[in-house]
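Heads up: the structure comes next, in structure tokens.
Residue numbers (UniProt numbering): 1 to 305.
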């Protein structure tokens, strides 16, 4: 039962659960030992068992260490009602340690899900969701503000993908060293992802802005489409582990053009164009990190040969 409860989808989560299970069991056994000497009445022991059961069910999904300690105390008191509860201490501790060992070996040797090996896929999914979000925002500028299903779904997916990347990196830090070699690249990518998503959110917050037809055609049909295509290109390179150009003269020229904000420019156009310029400036560092992540496995393979 310990093995079933402790095994989690990732190595890091399982490792965290293992520690909580062992510590909780040790605390529960210690508390049970003390309470056995303090509470000798069977009725009071039954009340302690009920109270421990309530604590377990209240905290089993949020505080696993506390819930494990509580269920251990409950089991000890329940067994003490029909026999010698002291005889359960060592078997309970042994079963917990054995179950934890089996779970640890299972996720390390037989059912590994190393986050470092699929980091490129997670990064690619994050960029793809951001690209879809950008396209939906541009459509809102073209057709008018509307919180329709497509827009809300794209926005939610972009934020969920960003959160998934953060979770992946957190789990990756708990993996063995040779599986988290690219953690530094991942965290730098996470910073860029947060920044890009904040710029997209800022752009989406003003999607009710009315733009002149010629400006709308330039910024939406040309610039917006170009930026989304560039993000898709980087995402495709990461997903397939294909080379990504570190620098794009077209994107550099586009960013320089967008940053030209003369005083006579309409305020609505200035706002949208400034946000697009900020988004465009994120492409170069994204390309650099993507190229580094893709070349790292190739370099290791060449070194092995």
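Ideal Cβ positions, reconstructed from N, Cα and C, are used throughout, including at glycine. No experiment lies behind these values; they were computed from the predicted model shown.
In its own chain, which residues sit with a C-beta less than 6 Å from the C-beta of residue 388, not counting the 5 before and 5 after it? For residue 388 there is no data in the structure shown, the boundaries of the chain being 1 and 305.
So residue 130 and residue 106 are supposed to be a Cβ contact under 8 Å. How far apart are they, rounded? Residue 130 to residue 106, Cβ: 36 Å. No contact.
Does the pairing of the region 29–41 with the region 195–215 give three or more beta-carbon distances under 8 Å? No contact exists between the region 29–41 and the region 195–215.
Do you know whose CA, among 152, 204 and 208, lies nearest residue 145's CA? By alpha-carbon distance to residue 145, the top candidate from 152, 204 and 208 is 208.
Hey, quick one: how far does the alpha helix (DSSP H) through residue 86 stretch, first residue to last? Run containing residue 86: none; DSSP gives neither H nor E here.
Can you look up residue 290 in the DSSP assignment and give me helix, strand or coil? Under the three-state reduction of DSSP, residue 290 is assigned to helix.
Find out if the Cβ-Cβ distance for the pair residue 69, residue 3 is shorter than 7 Å. No; because the gap between Cβ atoms is not below 7 Å, this pair is not in contact.
Note the first and the last residue of the continuous alpha helix (DSSP H) segment covering residue 222. According to the DSSP assignment, residue 222 belongs to no alpha helix (DSSP H), since it is labelled neither H nor E.
Give me the residue from 169, 288, 225 and 266 with the minimum Cα distance to residue 142. Cα-wise, what sits closest to residue 142 is 225.
Start and end residues, alpha helix (DSSP H) containing residue 260: Residue 260 -> no alpha helix (DSSP H), and no H or E assigned at all.
According to the neighbour-count rule (16 or more other Cβ atoms, all chains shown, within 10 Å of its Cβ), is residue 162 buried or exposed? Here residue 162 is buried. Its C-beta has 16 or more other C-beta atoms within 10 Å.
Rounded separation between residue 140 and residue 19 - CA only: Separation of residue 140 and residue 19 (C-alpha to C-alpha, rounded to the nearest whole angstrom) is 49 Å.
Please report the straight-line C-alpha distance between residue 171 and residue 10, rounded to a whole angstrom. The straight-line gap from Cα to Cα measures roughly 7 Å.
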